[in-house]
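Note sheet for the following structure.
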Amino acid sequence: MATSDRLTTALGQNKAWAAKIAKEHPDLFPKLATRQQPEILWIGCSDSRCPETTLLGLKPGDVFVHRNIANVLHPADLSSSAVIEYSVRHLGVKHVVVCGHTKCGGVAAAMGNKQLGILDPWLLPLRQLREDNLEALQSLPADKAATRLTELNVIAGVKTLKQQSVVLEAMQKGLKVHGLVYDVGSGVLQELDTSESDEVVKKRFASFKTVA
Numbered sequence: 001m002a003t004s005d006r007l008t009t010a011l012g013q014n015k016a017w018a019a020k021i022a023k024e025h026p027d028l029f030p031k032l033a034t035r036q037q038p039e040i041l042w043i044g045c046s047d048s049r050c051p052e053t054t055l056l057g058l059k060p061g062d063v064f065v066h067r068n069i070a071n072v073l074h075p076a077d078l079s080s081s082a083v084i085e086y087s088v089r090h091l092g093v094k095h096v097v098v099c100g101h102t103k104c105g106g107v108a109a110a111m112g113n114k115q116l117g118i119l120d121p122w123l124l125p126l127r128q129l130r131e132d133n134l135e136a137l138q139s140l141p142a143d144k145a146a147t148r149l150t151e152l153n154v155i156a157g158v159k160t161l162k163q164q165s166v167v168l169e170a171m172q173k174g175l176k177v178h179g180l181v182y183d184v185g186s187g188v189l190q191e192l193d194t195s196e197s198d199e200v201v202k203k204r205f206a207s208f209k210t211v212a
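This is the structure we're talking about:
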């Protein structure tokens, strides 16, 4: 077997993994076969170094997931909107997480001005954040500037979430929205301060209800 054939190796390990989990948690797979009840919606980056269930120490069925390049939340993106709608309204998750990470290739690309084909329109919100915060970012060393743009992207993602009607409605019933950054060099998650006052969120919700 070629040492580079990682998929063949992984498929060969599946039965051993399933047997181990079934032994440790005998009710897990039968329960998952009937329904899922995740408490967390995780919106993260597609990066292979950021497997949300693994780094949270959780099990299959614990986390509903949407991942894309650089964890960008476009308000008009039907894919992320469908995931948010389904998890919040139909699965009743209790927490929604937007998670960025250090050493993100998407963030690094957004820091420059190279033409990247299909990635250009996708990374436009990140590049706009860079332009809006250019002076502050240019005052930092390159690695710290990239990390700061990662943080700004997470904060912007949380704000976008809190402008969606389904999220606003669920927040009135206890849904919590979080912004995190994962350090790929240490494996540690850091929660950002993305809070808004209850009054701000209530006013936004009231405005939505009036328009609706």
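The sequence shown: position 105 = 105 (the UniProt record's numbering), numbered continuously.
Glycine is no exception: its CB is placed at the ideal position from the N, C-alpha and C atoms.
Everything numeric in this text was worked out from a predicted model, so none of it was measured.
Euclidean distance between Cα positions of residue i and residue j
i, j, result
"G57", "H90", "25 Å"
"A136", "P51", "31 Å"
"G44", "I69", "8 Å"
"D120", "N113", "9 Å"
"I155", "L32", "33 Å"
"H178", "P75", "18 Å"
"V63", "L116", "32 Å"
"L55", "S195", "24 Å"
"R35", "E24", "20 Å"
"E85", "R6", "35 Å"
"D193", "S81", "24 Å"
"V96", "D47", "19 Å"
"W42", "S186", "20 Å"
"I21", "P141", "45 Å"
"D143", "L11", "37 Å"
"A18", "S79", "30 Å"
"Q164", "T53", "25 Å"
Extent of the continuous alpha helix (DSSP H) to which residue i belongs
i, result
"V166", "165-171"
"N14", "6-24"
"D183", "Careful: D183 lies outside any alpha helix (DSSP H), inside the beta strand (DSSP E) at 176-183."
"N153", "142-161"
"L134", "134-138"
"L119", "119-122"
"G105", "105-111"
Own chain residues within Cβ distance below 7 Å of residue i, not counting five before or after
i, result
"A146", "V107, A108, M111"
"N133", "L152"
"Q13", "none"
Same chain, Cβ closer than 8 Å to residue i, five either side skipped, listed in chain order
i, result
"M1", "With a pLDDT of 44 at M1, under the threshold of 50, the modelled position of that residue is not reliable, and the figure given next carries that caveat. Taken in chain order, the residues that qualify are T8, T9."
"D183", "H101, T102, L189, Q190"
"A16", "none"
"P38", "G61, D62, V63, F64, S87, L91, V93"
"V166", "I84, E85, V88, R89"
"V72", "G106, W122, L123, P125, L126, N153, G157"
"R148", "N133, A136, L137, L140"
Enclosing beta strand (DSSP E) for residue i [first to last residue]
i, result
"G100", "95-101"
"V88", "Here V88 belongs to no beta strand (DSSP E), and DSSP marks it neither H nor E."
"L189", "188-191"
Neighbourhood of residue i by C-beta, 6 Å cutoff - its chain only, sequence neighbours within 5 removed
i, result
"V98", "I43, V154, G157, V158, G179"
Short CB-CB distance (under 8 Å) between residue i and chain D
i, result
"P26", "Although the question refers to chain D, the structure presented lacks it and comprises just one protein chain."
Check whether the stretch 116-134 touches the stretch 164-183, taking contact to mean three or more Cβ pairs, one atom from each stretch, closer than 8 Å. The stretch 116-134 makes no contact with the stretch 164-183; the number of CB pairs closer than 8 Å stays below 3.
Extract the residue ranges of the alpha helix (DSSP H) inside the stretch 18-77, only unbroken runs of 4 or more that lie entirely within it. Within the stretch 18-77, the complete alpha helix (DSSP H) runs of at least 4 residues are 28-32, 52-55.
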